[in-house]
Every structure is written in C-alpha cells, then in structure tokens.
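Here's the structure, in structure tokens; my notes come after.
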Amino acid sequence: MAQRLTPQTSGRREGTSPVLGSPESRRRALRARRLRRGGMALTLVAPAALTYFLFVVRPIAQTVQYSFYDWDGVTPSTWVGLANYVALFHDPELSGSIVNAFELIIFFSFVPVILGLFTANTIRGFATSRLAVVARTVLFLPQIIPLVAAGIMWSWQMSTNGLVNQVFRLIGLDGIARAWLGDFDTALPAVGVIGAWVLFGLCMLLLLAGMTKIDPGLYEAARIDGAGPLREFVSITLPSLRQEVVVCVTVTVIAALASFDIVYISTQGGPGNSTLVPGLEIYYLAFFQREVGQASALAVALMALVLAVVLPLQWLNREGDS
Amino acid sequence: MLVGALAVLTACSSPGSTPDETSSNPTTEPTVAEGAPSCGTDPVTLKAYFETGFPMAGDLTEEFTKQFPNVTFDTREDQFAVLTQNAPRVLADDPPDLMRLPQMSELATDGLLLNLDSYAEAFGWDQWPASQLEQMRVDDAGRRGDGPLYAMGLNFSMTGVFYNKELAAQIGMTEAPATLAELDGYLQAAKDAGLTPVAQFNGGATGGFAFPLQALMASYGDPAEISAWIYQQPGATIDTPSNLKAAEHLQSWVTSGYFAEDVNSLDYAMMMSRFIGGESVFIFDGDWESGNLDTQMPGNVGFFLMPPVDEGGSFGAMSAPLTYGISANAANPDCAAFFLDWVATNEQARTIAVQIGGSHPMGPADAFMPDVDPNTVTAQTLVAGAAIGEQNGAMDFIANATGSIYAKGWTPNLQKLMAGEQDPAGLLAAVQAEYETEIGG
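Protein chains in written order, with our numbering: chain A, 28 to 349; chain B, 58 to 498.
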C-alpha cells in the first residue's frame with residue numbers, strides 16, 4: 028500500500044508545482060506566509076498586551092465603573108449615576124486642590140526646564156572634559172533617589188533647625204528663617220522646590236542629549252557670521268531642542284498634576300489644606316473616608332484634566348515636525 | 058464603543074457584590090456553649106493583627122501562651138494609618154481573630170465585626186462600670202454609645218498635661234495648677250524665662266491642638282454634651298457658647314505666643330523628641346506615653362489634668378479604650394473572647410497593661426492593681442484616671458466623631474487657628490458644617 032501511495036502523493040506534488048508560477052497562487056502563498064508571520068507576531072505581542080490589558084486598561088475601566096457608584100470598598104454598592112461627578116464641582120476643597128496642582132506646575136515644570144536648558148548649555152561648552160561627566164552625574168542623582176526619600180530628606184532640611192534655615196542664619200537672614208513646610212504662605216512653594224530639585228536632573232539630561240544631535244556646523248557658521256553665545260543659544264540651540272523641551276514639559280506637567288509622594292511625605296496636605304493636591308485627595312477619599320466612588324470620580328476627572336493639558340502639547344510638537 | 062468596551066472589561070457587575078454574601082451576616086451572634094467560652098485544650102493558633110510600635114499587645118500574647126501553652130499567636134503588625142486603610146478589607150477577606158481597630162462604627166454596621174454581647178454576658182463584662190464599654194457599643198444607625206458591643210479594650214487611656222519637672226521648677230511651678238488662670242500664669246512664666254512653653258504637634262495631617270481644645274471644652278462646659286456630639290446624638294452641636302469660650306482660650310494661648318512658632322510643622326514624633334530633649338515645658342498628650350517617659354526621663358515628668366476654670370469646678374479628659382475586635386468571620390472567636398477577658402481579669406495581664414501600656418486596665422472597679430512606684434508619671438496618670446472616673450469626666454476623642462472629621466474638620470481649621478487665618482467662632486462653625494455633611498450624607 029505504502030509503495031503505491033508514495034508515487035501518488037509525489038504525483039500530486041508534481042501536479043501542483045506547475046501552477047506555482049501563476050499570480051493567484053503566489054498571492055495565496057504570500058497571504059499564508061503573512062498569516063503565519065502574523066500569528067507569530069501575535070504570540071510575541073500577547074504577553075505584553077495581556078499584561079497591559081490586565082494591569083492598565085482593566086483598572087482604568089474599573090475606576091470609571093466605580094465612579095458611578097456609592098461604594099465603601101467592601102459592602103454592596105449603589106448606583107448613583109453622575110452624582111459623584113456633580114459633587115466635584117460643589118466642593119471648594121476639591122477645586123482648591125486642583126488650583127494647588129496648577130501652581131505646582133511652575134515649580135515642577137518651568138523651573139526645571141529653564142534651569143535645565145541653561146545648565147545643559149553650559150555643560151555643552153565643556154562637553155569633552157571629565158568635568159562634564161561629573162557635573163552630569165551629580166545633577167542627575169536626585170532623579171534616582173526614591174521620591175519618598177527625597178521628601179523625608181527635604182522635610183528635615185526645611186524644618187526649623189534644618190540646613191536651609193542654618194544657611195539663612197549664617198548669612199544673617201534670621202528674619203527669613205521659618206518652618207517652611209508649616210507656614211501657610213511657604214508650604215506650597217517649599218513642596219514645589221522639592222519637586223524642582225527632583226525633576227531638574229531629568230530635564231537637564233534629556234536636553235543635553237538633544238544638544239549632541241545638533242550639527243556643529245551650524246554653530247560654526249553662526250560664529251563666522253559673528254553670533255555671540257546668546258545669539259547661538261536663541262537661534263540654534265533652542266529651536267533645535269523643540270522636541271526635547273516638549274517632552275520635558277509633558278513629563279513634568281504630568282508629575283505636577285498627578286503629584287502625590289512628595290506632598291504625602293512632606294506635608295500630607297497641611298497646613299490647613301494649603302498643599303492639598305488631587306492625588307492626595309483621592310487617597311484620603313478612598314482609604315480614609317471610604318468613598319471609593321467619589322475617589323474614582325476624582326481620579327477620572329484628574330486623568331481627563333492631565334490629558335486636556337498634555338494633548339495640546341503633543342499637537343504642538345507634531346505641527347513643528349510637519 | 059468605549060462604554061461598550063468598559064462594560065465588557067468590568068463584566069458589568071456592580072462592585073462589592075460577592076457571591077458568598079451569606080458568610081458575612083451582620084448580626085450573627087456566636088452560639089456560646091454551656092459554661093463560659095474558653096480556648097479548650099486542643100492546639101489553637103489565633104490570628105492577630107496589631108499596631109506597630111506598641112509592645113503591650115505582643116507582651117500580653119506571650120504571657121497568654123505561657124499560661125495556656127495550647128494557644129499560639131500568628132501576629133501581623135502595621136502602623137495605625139495602614140490599619141485604618143486596611144480594616145474593612147482585612148476583616149472581610151483575611152479575617153483575624155483579634156484586631157486592633159480604628160474608628161469602628163462603620164465596621165460594625167457593615168457587619169464586619171462580631172457582636173460580643175453574648176460573651177459580655179457569659180464573662181460578666183456587663184457588670185463592669187458601664188462607661189468603660191460605652192464607646193464600643195454601636196447601634197443599627199452606626200451611632201456609638203448604645204447598642205450591641207462590638208469591641209473590647211486592652212486597657213483605657215486618658216489624656217492631660219505632661220510637664221518637665223526640672224523646667225517647671227525653674228519657673229517656680231512646684232505643684233500642678235488648680236485653675237486655668239494658674240496654668241496661664243505658668244505658661245507666661247515659661248515664656249518670660251525664655252523657654253518654649255508648649256511644642257504641641259499640629260503639623261501635616263495631625264491637628265494635635267485638638268488635645269488642649271477638648272480638655273478646655275470640658276473645663277468650660279459639660280463633658281456629657283461633648284460625648285453626645287461624638288456619639289452623633291440627634292441635634293448635638295459642637296458650636297456652643299461654652300465651647301466657644303474654650304476655643305477662645307486656646308486662641309489666647311496662640312496670640313500670647315505660648316506655642317512654639319513652628320507647631321504647624323511638628324508631627325507627633327517631633328513633639329515627643331523635643332519634650333524628651335527638654336525643649337518644651339508642657340505637652341498635651343496621653344498616658345500611653347507614661348511608660349515611655351518613665352524610661353526616657355525617669356523622675357523628671359509630672360502629669361495633671363487640664364484644670365477647671367474655678368477651683369473645684371468641672372474638668373474632663375479624653376479617655377478611650379484601646380479597642381480590639383473579633384472579625385465576624387473569625388475562625389476562633391471563643392478563644393479570642395477568652396483572651397480579651399483574661400487581659401482584663403488576670404493579675405499578670407493587668408500588671409502588663411499598667412507597666413508596659415502605662416494605662417488603666419479594663420475590668421471591675423475593685424479589681425487587682427499592680428504596685429506602681431509613686432515617683433513615676435505612670436502612678437500620677439493612674440491617680441488622675443481615678444479622679445476622672447469620680448467626676449464622670451471621661452469623653453471619647455472629638456476627632457472620632459465621624460470617620461473623617463479629624464482630617465477634614467479639626468486638623469485644617471486648627472492649623473488655620475494657629476496661623477491666625479481662622480477665629481474661634483469660625484473654627485467651630487466649620488467643624489459643625491463638616492460634621493453635618495458627613496452624618497447627613
């Protein structure tokens with residue numbers, strides 16, 4: 028049997044081979060190969076996609092769902108529709124926390140980006156020396172320190188007898204010395220300074236990396252035309268760094284609006300809610316007041332707010348490319 | 058499409074509805090076998106969830122295992138803030154036999170805690186002074202003060218004024234002030250001597266000014282009225298004329314500069330380190346620190362209750378049991394209840410409650426009390442506790458009136474009072490408004 032079968036099959040192979048050359052069969056073969064490749068690609072993507080789905084998409088979806096319920100986290104919940112969202116607009120404490128978050132943008136975004144630009148530009152000046160490596164490393168260090176550690180460290184530095192006040196007293200500014208994090212007027216800026224210190228290194232490094240891409244010929248040409256360092260910076264460096272600046276601003280604005288760690292460690296929202304931010308408010312609502320629904324609604328609103336601020340920045344970036 | 062996707066993702070069931078609803082029936086009362094419940098003779102492992110940093114509970118479990126070798130403890134510890142966050146989830150999903158409880162009215166009405174009434178009857182807890190258990194009774198509406206018993210204390214603590222004896226001698230204070238005016242005089246004397254009169258914690262999320270404020274309220278008014286407010290009795294208000302006088306008195310201390318300038322940045326630990334370091338003459342705190350202070354500053358700490366307005370007048374103190382509960386789904390409720398009874402009645406256990414915990418043990422008024430060196434601050438707090446008992450001046454903490462009245466009402470407004478951004482009338486009105494939103498909603 029086997030012997031009789033073998034020629035038959037080979038015969039069939041021979042029978043199909045002549046058709047291989049036709050365009051239709053080639054297309055079919057291509058599709059099969061693509062399908063096979065597609066299957067392979069899917070298999071490779073699946074673990075990441077599944078993880079993303081389980082730990083990012085699903086929690087977000089659940090948060091959206093919870094926001095329509097009155098729920099304490101344990102016992103059965105009741106559907107309340109949009110009531111949690113309506114409440115967001117009636118609570119002055121909630122709106123106050125959002126104002127605080129926008130104030131933090133000044134410290135978390137503007138200060139690090141502007142300082143980062145000038146520092147990076149300075150470092151670029153001596154880019155080849157070993158000093159540049161040291162400067163880069165030292166300035167980037169705050170970024171690798173856990174935010175909680177940074178918060179604890181700075182709350183010591185800013186306490187009544189901390190380093191900050193010691194320095195002020197040393198230079199005769201005793202009048203300025205105060206408990207920076209416990210004063211209604213200075214608590215929010217003080218928290219902002221911690222954030223600026225942490226984010227400065229990241230911005231500086233990103234901008235410095237961007238600067239290495241700039242064609243040195245441009246600078247040379249400018250110098251031949253008689254441009255000074257300031258002119259070089261404004262006309263060449265800054266325009267070439269547009270993308271990096273947008274990335275820096277995006278990352279730091281998100282850090283400001285969604286801030287939690289630094290505030291939680293250094294002031295816990297005090298004194299008198301003067302440093303309360305939405306992230307902290309969500310945490311208090313969910314875990315202390317046990318209003319999971321209200322907390323979820325604020326979380327969804329915060330996400331929308333962050334997107335509303337950050338998306339236009341991205342469009343700005345894309346327009347610049349085209 | 059997004060909504061559809063969301064619906065698929067969350068499988069459309071409302072949060073909080075679990076398939077086995079039957080397991081957490083709110084009013085299950087354990088059926089107590091004939092005779093009082095006990096731990097029996099078979100090996101038992103009690104699952105315990107305690108607060109980090111307070112060795113008393115651990116010491117009690119050790120002593121218990123020594124006396125009842127068949128019982129061992131599987132103990133997990135967390136900070137109080139973590140306990141507060143996790144309490145409902147832990148009680149529901151990973152039910153401990155014994156757990157240190159945060160504010161418990163919601164836990165009780167949610168059916169997460171075991172109703173202890175039958176144990177109270179079996180062990181005779183209902184024969185003890187009623188005020189000891191009052192704060193742990195919760196009715197159907199979640200109001201405390203009345204209803205079934207849902208927790209038990211390991212001891213009960215009390216607050217007042219601690220002072221550094223050496224520094225007090227410097228300002229001519231040889232005995233505790235008998236009136237508020239005398240206390241004011243000593244505070245002024247401390248300030249005049251260049252000392253910091255009070256470095257009270259009031260920073261971050263911890264409005265420690267609530268300690269002196271509530272004590273002043275009891276000096277100016279009736280502690281029973283404040284308790285009614287804390288227990289959410291209908292029509293109760295914190296915004297009363299006598300409480301206003303108390304808040305004004307507190308404000309006068311602020312404007313006179315009796316508090317350290319940076320109190321709005323001080324947390325509890327910083328207050329303790331300053332007091333122990335001799336940087337504060339007085340602090341308003343509780344007797345849970347008595348044992349600690351006796352070790353850290355032996356013989357150098359005195360204690361008195363906030364004095365009355367006039368000599369012989371009314372006074373009060375915050376006094377609360379160190380609450381421990383049994384999960385409604387606990388595996389060994391009988392043994393856990395037996396442990397709680399043992400803590401209040403066993404001589405060895407009562408000694409631990411006093412010497413390690415620094416506070417008065419629970420139990421009958423005439424029960425055994427260990428000998429305490431009269432020179433210690435522990436001895437003074439125990440005496441003060443007896444005085445409060447005679448006065449009927451014990452109140453729960455005003456911060457415990459609702460789940461978040463401390464975070465949302467007291468703390469921010471007391472910090473504003475310190476910074477001069479809130480006046481006494483505004484403080485009480487703001488707290489009352491927050492209170493009404495919370496219990497109304």
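Ideal Cβ positions, reconstructed from N, Cα and C, are used throughout, including at glycine.
Looking at the strands, I want to know which residues DSSP matches up with residue i.
i	result
B:Asn221	B:Val358
B:Phe339	B:Tyr220, B:Val255
B:Glu108	B:Asp135
B:Met209	B:Tyr381
B:Val101	B:Val128
B:Ser214	B:Ala377
Show which residues of chain A have a CB atom less than 7 angstroms away from the CB atom of residue i.
i	result
B:Pro473	Note that residue 473 of chain B is Lys in the sequence shown here, rather than Pro. The answer, in chain order, is Gly299.
B:Thr408	Ordered by position in chain A, no residue passes the 7 angstroms Cβ test against B:Thr408, which lies about 36 angstroms from the chain.
So residue i and residue j are supposed to be a Cβ contact under 8 angstroms. How far apart are they, rounded?
i	j	result
A:Thr277	A:Val337	5 angstroms
B:Gln405	B:Glu120	6 angstroms
A:Ala249	A:Glu259	5 angstroms
B:Ala456	B:Asp296	With 8 angstroms as the limit, B:Ala456 and B:Asp296 do not qualify as a contact, their Cβ atoms being about 17 angstroms apart.
B:Gln353	B:Ile333	5 angstroms
B:Gln448	B:Gly373	7 angstroms
A:Ala324	A:Ser122	The pair is not a contact, with the Cβ atoms about 14 angstroms apart (cut-off 8 angstroms).
B:Thr236	B:Gly343	Not confirmed; about 23 angstroms, so no contact.
B:Met452	B:Ser284	5 angstroms
A:Val153	A:Ala159	In the sequence on display, residue 153 of chain A carries Phe and not Val. About 5 angstroms; that satisfies the 8 angstroms criterion.
A:Pro305	A:Leu329	5 angstroms
B:Gly414	B:Met113	4 angstroms
A:Leu343	A:Val272	Not confirmed; about 10 angstroms, so no contact.
B:Phe396	B:Leu103	7 angstroms
B:Thr263	B:Thr109	Not really, about 17 angstroms apart at Cβ, beyond 8 angstroms.
A:Pro139	A:Phe227	4 angstroms
Counting only Cβ pairs nearer than 8 angstroms, list the residues of chain B close to residue i.
i	result
A:Arg317	Pro145, Glu163, Gly460
A:Ala335	What A:Ala335 touches in chain B: nothing, since even the nearest Cβ is about 17 angstroms away.
What residues of chain A sit near residue i, judged by a beta carbon separation below 8 angstroms?
i	result
B:Gln142	Phe314, Phe315
B:Ala149	Val101
Can you list the residues of chain B that residue i reaches, using a CB-CB cut of under 9 angstroms?
i	result
A:Asp210	Asp319, Asn321, Ser322, Ala476
A:Asp99	Gly73, Pro145, Glu163, Asp167
A:Tyr311	Ala262, Ser461, Ala464, Lys465
Please list, in chain order, the chain B residues whose beta carbon lies closer than 7 angstroms to that of residue i.
i	result
A:Ser186	Ser322
A:Tyr93	Pro72
Which bits of chain A does residue i rub up against, with CB to CB less than 9 angstroms?
i	result
B:Gly260	Ala206, Leu208, Gly209, Thr294, Gln295, Gly297, Pro298
B:Pro469	Glu120, Gly296, Gly297, Pro298, Gly299, Asn300, Ser301, Leu303
**Prompt:** Fully enclosed by the region 122 to 202 of chain B, which beta strand (DSSP E) runs are 3 residues long or longer?
**Reply:** 128 to 135, 155 to 157
**Request:** Scan the region 32 to 118 of chain A and note each continuous alpha helix (DSSP H) run of 4 residues or more that stays entirely inside, going in chain order.
**Result:** 50 to 79, 85 to 93, 110 to 117
**Request:** Scan the region 440 to 484 of chain B and note each continuous alpha helix (DSSP H) run of 4 residues or more that stays entirely inside, going in chain order.
**Result:** 468 to 476
**Request:** Could you tell me whether the region 273 to 289 of chain B touches the region 469 to 482 of chain B, using the rule of 3 or more Cβ pairs below 8 angstroms?
**Result:** no
**Message:** Suppose only complete runs of 4+ residues qualify. What are the alpha helix (DSSP H) ranges in the region 360 to 447 of chain B, listed by chain order?
**Reply:** 390 to 402, 404 to 412
**Any alpha helix (DSSP H) of 4 or more consecutive residues that is wholly inside the region 307 to 339 of chain B** = 325 to 333
**Prompt:** Hey, is the region 428 to 439 of chain B in contact with the region 450 to 468 of chain B, meaning 3+ C-beta pairs nearer than 8 angstroms?
**Reply:** no
**Item:** Entirely enclosed alpha helix (DSSP H) segments - the region 259 to 321 of chain A, minimum 4 residues
**Value:** 269 to 284, 288 to 293, 305 to 314
**Prompt:** Between the region 190 to 205 of chain B and the region 277 to 288 of chain B, do three or more beta carbon pairs fall short of 8 angstroms?
**Reply:** yes
**Asked** When the Cβ atoms of the region 386 to 394 of chain B are set against those of the region 310 to 319 of chain B, are three or more pairs found closer than 8 angstroms?
**Response** no
**Item:** Cβ pair count under 8 angstroms reaching 3, the region 365 to 379 of chain B against the region 210 to 228 of chain B
**Value:** yes
**Request:** For the region 159 to 169 of chain B and the region 177 to 185 of chain B, state whether three or more C-beta atom pairs, one from each stretch, are separated by less than 8 angstroms.
**Result:** no
**Prompt:** Would you say the region 213 to 225 of chain A touches the region 125 to 140 of chain A, given that touching needs at least three Cβ pairs under 8 angstroms?
**Reply:** yes
**Message:** Taking 8 angstroms as the cut-off, does the region 130 to 142 of chain B touch the region 150 to 161 of chain B (at least 3 CB pairs, one atom from each stretch)?
**Reply:** yes
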